[in-house]
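Asks: Before I ask anything, here is the structure I am working with.
Residue numbers (the UniProt record's numbering): 1 to 164.
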């Protein structure tokens, strides 16, 4: 698995031009059944992918924290919201709450998340490959294929299945 993770940025870079062209076409003319196709490809990939073997998303990137996420997680820790923000988060250039540093503070050595039950929405939905109106998030997907082996495999399967 580690070899696959290490090779992913190069694989994604090699496919970037092809993927960008594909997503441009997908945005212009999404297939009628795109949401169903994506749900099927997502489900199939995650039957064979165990995120606990990878956790590359948690090791290399940090999620955005919505106000609801911050409130929920602070409550989980029995902390005041501002105390949680001060201890774990910072405001980025887009004025969003993000982690102060990566890898994620809440990721254990065993790749388990210590706040899994209350984790941010961005973590719950990652890699966003089963999202409705998938064609609208191509910029996110193009980034995620360099981070997540499952996202890379889903995009490759999607390109094989959807022909323009």
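In this text, a Cβ means the ideal position worked out from N, Cα and C, and glycines have one as well.
What are the boundary residues of the beta strand (DSSP E) that includes residue 90?
Replies: Per DSSP, residue 90 belongs to the beta strand (DSSP E) from 89–91.
Asks: Can you confirm whether the stretch 119–131 touches the stretch 32–52 when touching is taken to mean that 3 or more C-beta pairs between the two stretches lie within less than 8 Å?
Replies: They touch, by the three-pair rule.
Asks: Which partner residues of residue 64 appear in the DSSP bridge assignment?
Replies: For residue 64, which the question treats as bridged, DSSP gives the partners 98.
Asks: Distance check for residue 105 and residue 72, CA to CA, integer angstroms please.
Replies: Distance between the alpha carbons of residue 72 and residue 105: 17 Å.
Asks: How big is the Cα-Cα spacing for residue 120 and residue 158?
Replies: Distance between the alpha carbons of residue 120 and residue 158 is about 27 Å.
Asks: Using the beta-carbon count (16 or more within 10 Å), is residue 164 buried or exposed?
Replies: That one is exposed.
Asks: What's the C-alpha gap between residue 151 and residue 99?
Replies: One C-alpha to the other measures close to 22 Å.
Asks: Just to confirm the assignment, what range does the alpha helix (DSSP H) spanning residue 158 have?
Replies: Run containing residue 158: 149–161, per the alpha helix (DSSP H) assignment.
Asks: Who does residue 113 pair with in a DSSP beta bridge?
Replies: 107.
Asks: Is it true that the stretch 89–97 meets the stretch 55–74, where meeting means three or more beta-carbon pairs spaced less than 8 Å apart?
Replies: Yes, the stretch 89–97 is in contact with the stretch 55–74.
Asks: For residue 153 versus residue 53, is the C-beta distance shorter than 8 Å?
Replies: Not a contact, by the Cβ cut-off of 8 Å.
Asks: Starting from the C-beta of residue 103, find all residues in its chain whose C-beta is less than 7 Å away, skip the five residues before and the five after it, and write them out in chain order.
Replies: Taken in chain order, the residues that qualify are 58, 59.
Asks: Rounding to the nearest angstrom, what Cα-Cα distance links residue 16 and residue 142 in this structure?
Replies: Cα to Cα, the separation comes out at about 7 Å.
Asks: From this set, 145, 127, 160, which residue's C-alpha is nearest residue 43's C-alpha?
Replies: Answer by Cα proximity: 127.
Asks: For the candidate residues 10, 147, 14, 162, whose alpha-carbon lies nearest to that of residue 62?
Replies: Checking every option, the nearest Cα to that of residue 62 belongs to 147.
Asks: Going by C-alpha to C-alpha distance, which of 64, 118, 75, 117 sits closest to residue 96?
Replies: Comparing Cα positions, the closest option is 64.
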